[in-house]
Every structure is written in structure tokens, then in C-alpha cells.
Amino acid sequence: MEPLEQLIENYAHAYPQEKAPHEMLEYLKTEDCFYNHNYHGHFTGSAWVVNPDKDQILMNHHKNLGKWLQFGGHADGEEDLLSVAVREAKEESGIQNFTVLSTEIFDMDIHEIPERMDQPAHRHYDVRFLLEADPFGNKIVISDESYDVAWVSTERAVGLNPEMSIQRMVRKTLLMKNN
């Protein structure tokens, strides 16, 4: 797999209208940018999980943030964010069999994480990869990090979380489905 810097550059070329790649390339030069003890911000890896027909998304109702989101988490020093995304999808959904649809970045987003008792507010530099799983061949197990995990239609995904980054990933999913 290509280094993260190259993957971000590839993404920036494919989506020149998005601002996140340029800021991420700059932040990549920051010491300890892959560790969550960096309270300015840190890289995270996420998985946007679709079914084979690309008309359903596997999402989790995240306890700490109280939102329906894609699966993801801290890199914990790991620079291979695809591995982080797959690890987090397995841990948070209970599903162990995923197909990585591309080793290229599917989406990226920089977002604020609110202050909690043990952490100040900080930013997540979230790099997202596209995975596929069969909703009928895999049993979901809800982790301690989630209130719920569910397969939802692309329309319902936006209804559960209307944030721009979710809308953007749904649009990309629909484009793939229609091509």
C-alpha cells in the first residue's frame, strides 16, 4: 500500500474542491500526529461499510458522541490507516469478514471532538476507507462503544446523521451504485 502522504495527494487530485486533504498533508508533518495523546488533534481511521448492492450502510450509534456514524477510531501510533479502519470495523460491529473495495481513500474529514472529562476538545483528522460486508452472512455484535449497530438505507443514513461528511459519503456511494 502507498504511504499515507501519497494516498492523500491522490485523493486531493480526485477531489480538488475539498479542503481537508491540503490541511491533512500539512498536519501529517506534526510530531505524534498518529497518537491520541496529541490533544491538538490526531489521525483516525474509519470504515464506510456498504452491502454488495451499495444501497445499505452499516452504521453505529456512537455512545460518546451520541450520533450515528461510520466505524472508526484512533490510530494508536499505526500509520496504516486502512488497517486501523478494518480493525475498528471488526471491533465495533462484531463482523469479521470485510472486503476492502479499494486501498485508496474513500473520504476524509476534519472535525472537532468535544471536551470530555479526561480529554480537552481536539480535532480528528479522519481518513475513511470503503469496505463491503454481506448483511445476511454476518452476525452483528454491539460493542461497549455503541448504543446500536444497524444496516440502514442510504436515505436513512442521511436522516440519522445529516452532517455534510455523511451526505458526501452517501453521494459517493450512490455514484458507485449507478456506475
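Counting from 1, one number per residue, gives the positions in the sequence shown under the UniProt record's numbering.
Just so you know, even glycine gets a beta-carbon here, dropped at the ideal spot from N, CA and C.
- DSSP places Met176 inside the alpha helix (DSSP H), whose first and last residues are Met164 to Asn178.
- Between Ala89 and Thr44, the CB-CB gap reaches or exceeds 8 Å.
- Taking each of Asn38, His111 and Val152 in turn and checking the Cα distance to Ser165, the smallest one comes out for His111.
- Looking at His61, Gly72, Asn36 and Pro135, the one whose alpha-carbon comes closest to that of Ser46 is Gly72.
- A contact between stretches requires three or more CB pairs, one per stretch, nearer than 8 Å, and the stretch 48-59 meets this requirement with the stretch 116-132.
- Here Asp118 is exposed. Its C-beta has fewer than 16 other C-beta atoms within 10 Å.
- Only residues of its own chain outside the window of five on either side were considered, and among them Asp55, Ile57, Val170, Thr173 and Leu174 have a CB closer than 7 Å to the CB of Thr154, listed in chain order.
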